[in-house]
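These notes are about the structure you will find just below.
In the working numbering, the protein residues as written are 1 to 342.
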């Protein structure tokens, strides 16, 4: 059974904001740059505590990024945060040349990421940035699974030199890790042991993966391994390959386009080292739309049900069974999740 319990719901952005204050207290050379969304990404916590080390650049994200580079090359540890659609995509050139080409010690916060931005709609739902960011040389890329892990990730990226991007969201989402839950940049963590299928997830899809693993065991007697692959770059090759050796089939799950993100990174690892059947759960090559977060997760297939059915497909492929129109391929036919899990 799942050893993790739902502790409540809290937006991952709170972990980012709280960590900045701790870093400010620890390091006098930590500075934060804002872009008129300070309250939204909770860099406001740092601004309130250290107003002389907070710099509002206004609605000029590209300028903020290059200013951060200048500060980094002068010995500061700058954190710049705004919505991911701006901090990643609007800043693509600045990230590539100014930050990564110079290997500048700039830390980027990508807020309001994923479909769970909800009512902001397609223009503000960043579903593609992981595929861009993981191709940039020198960039470290972290997608924490809940509020507390976001805090740990933000603290951790300050401890090494070089570019880093931390992805977080706006909506309250399940938090379930504790202070004792291991976290290390570049090291995926096995949250549940299993031998029949490996579910590799990042961000809010880790909790959905744990729910899917519970249902696979209860309904089918299938033992599912769940891996929290919070660091997409550098990705933990050893853990992923060992999971594939143990289980012989893999499912990836992410709040991102199905192309180029975690699924693509895992597929690259396995294609080179240990090819096995793999299924991908993510946004199916389309833009988002306005709606409440929970509604959108259901509509775009980002729940435990899609992970459950994908696990069965991957197991079928591993066992050389023909594809069929079995009930598990229709997620609407899966009964509601057990109430004791939510």
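Even glycine gets a Cβ: it sits at the ideal position worked out from N, Cα and C. All values reported here derive from a predicted model rather than from experimental measurement.
Item to check | Own chain, CB closer than 6 angstroms to residue 330, minus 5 neighbours either side, in chain order | outcome: In this prediction, residue 330 scores a pLDDT of 49, lower than 50, which makes its location untrustworthy; the coordinate-derived value is nonetheless stated afterwards. Cβ neighbours of residue 330 beyond the five flanking positions: none.
Item to check | When 197, 5 and 294 are compared against residue 227, the one with the closest alpha-carbon | outcome: The shortest C-alpha to C-alpha distance from residue 227 to any of 197, 5 and 294 is the one to 197.
Item to check | Segment limits, alpha helix (DSSP H) that includes residue 242 | outcome: 237-247
Checklist entry - Would you call residue 163 buried or exposed, if buried means 16 or more other Cβ atoms sit within 10 Å of its Cβ? => result buried
Item to check | Contacting residues, own chain, Cβ-Cβ under 7 angstroms from residue 94 (five flanking each side not counted) | outcome: Taken in chain order, the residues that qualify are 62, 65 and 66.
Checklist entry - Are the beta-carbon atoms belonging to residue 181 and residue 168 less than 8 angstroms from one another? => result For residue 181 and residue 168, no; Cβs fall outside 8 angstroms.
Checklist entry - Given 8 angstroms as the limit, is there contact between the region 306-322 and the region 211-225, that is, 3 or more CB pairs closer than that? => result yes
Checklist entry - How many angstroms separate the CA atom of residue 104 from the CA atom of residue 16? => result 21 angstroms
Item to check | Simplified DSSP state of residue 230, which is helix, strand or coil | outcome: coil
Next on the checklist: Out of 206, 235, 135 and 183, which one is the CA nearest neighbour of residue 153?
Outcome noted: 183
Item to check | Own chain residues within Cβ distance below 7 angstroms of residue 248, not counting five before or after | outcome: Apart from the 5 residues on each side of it in sequence, residue 248 sits with its Cβ closer than 7 angstroms to the Cβ of 276 and 318 in its chain, given in chain order.
Item to check | Ranges of the beta strand (DSSP E) found wholly within the region 114-164, counting only runs of at least 3 | outcome: 140-142
Item to check | contact_flag[the region 120-129, the region 284-296] where n(CB pairs < 8 angstroms) is 3 or more | outcome: yes
Checklist entry - For residue 118 versus residue 234, is the C-beta distance shorter than 8 angstroms? => result no
Checklist entry - Which value, in whole angstroms, describes the spacing of the CA atoms of residue 328 and residue 47? => result With a pLDDT of 47 at residue 328, under the threshold of 50, the predicted position of this residue should be treated as unreliable, though the coordinate-derived value follows. Their Cα atoms are separated by approximately 50 angstroms.
Checklist entry - Out of 255, 85 and 51, which has the shortest C-alpha to C-alpha gap to residue 123? => result 85
Checklist entry - To the nearest angstrom, how far is it from the Cα of residue 280 to the Cα of residue 205? => result 12 angstroms
Checklist entry - Mind checking if residue 28 is an interface residue toward chain C, Cβ cutoff 8 angstroms exclusive? => result Absent from the structure: chain C. Only one protein chain is present.
Next on the checklist: To test your reading of the DSSP string, which unbroken beta strand (DSSP E) runs of 3 or more residues are found completely within the region 171-207?
Outcome noted: 173-175, 189-192 and 197-201
Next on the checklist: Give me the residue from 90, 200 and 145 with the minimum Cα distance to residue 81.
Outcome noted: 90
Checklist entry - Alpha carbon to alpha carbon, how far is residue 112 from residue 40? => result 8 angstroms
Item to check | Straight-line gap, residue 240 to residue 115 (C-alpha atoms, nearest Å) | outcome: 26 angstroms
Checklist entry - residue 83 by DSSP, collapsed to three states: which one? => result strand
Checklist entry - With DSSP run on the structure shown, which of helix, strand or coil describes residue 38? => result In this structure, residue 38 counts as helix in the three-state DSSP scheme.
Next on the checklist: Along the chain, where does the alpha helix (DSSP H) containing residue 70 start, and where does it finish?
Outcome noted: 61-73
Item to check | For residue 18 and residue 191, the rounded distance between their alpha carbons | outcome: 25 angstroms
Item to check | residue 273 versus 245, 296, 217 and 291, residue with shortest Cα-Cα distance | outcome: 245
Item to check | Environment of residue 108 [buried if 16+ CB atoms lie within 10 Å] | outcome: buried
Checklist entry - In three-state terms, what does DSSP make of residue 33? => result strand
Checklist entry - Thinking C-beta only, is residue 35 closer than 8 angstroms to residue 376? => result This structure leaves residue 376 out entirely; the chain is present only between 1 and 342.
Checklist entry - Hey, residue 8 and residue 175: beta-carbon distance below 8 angstroms or not? => result yes
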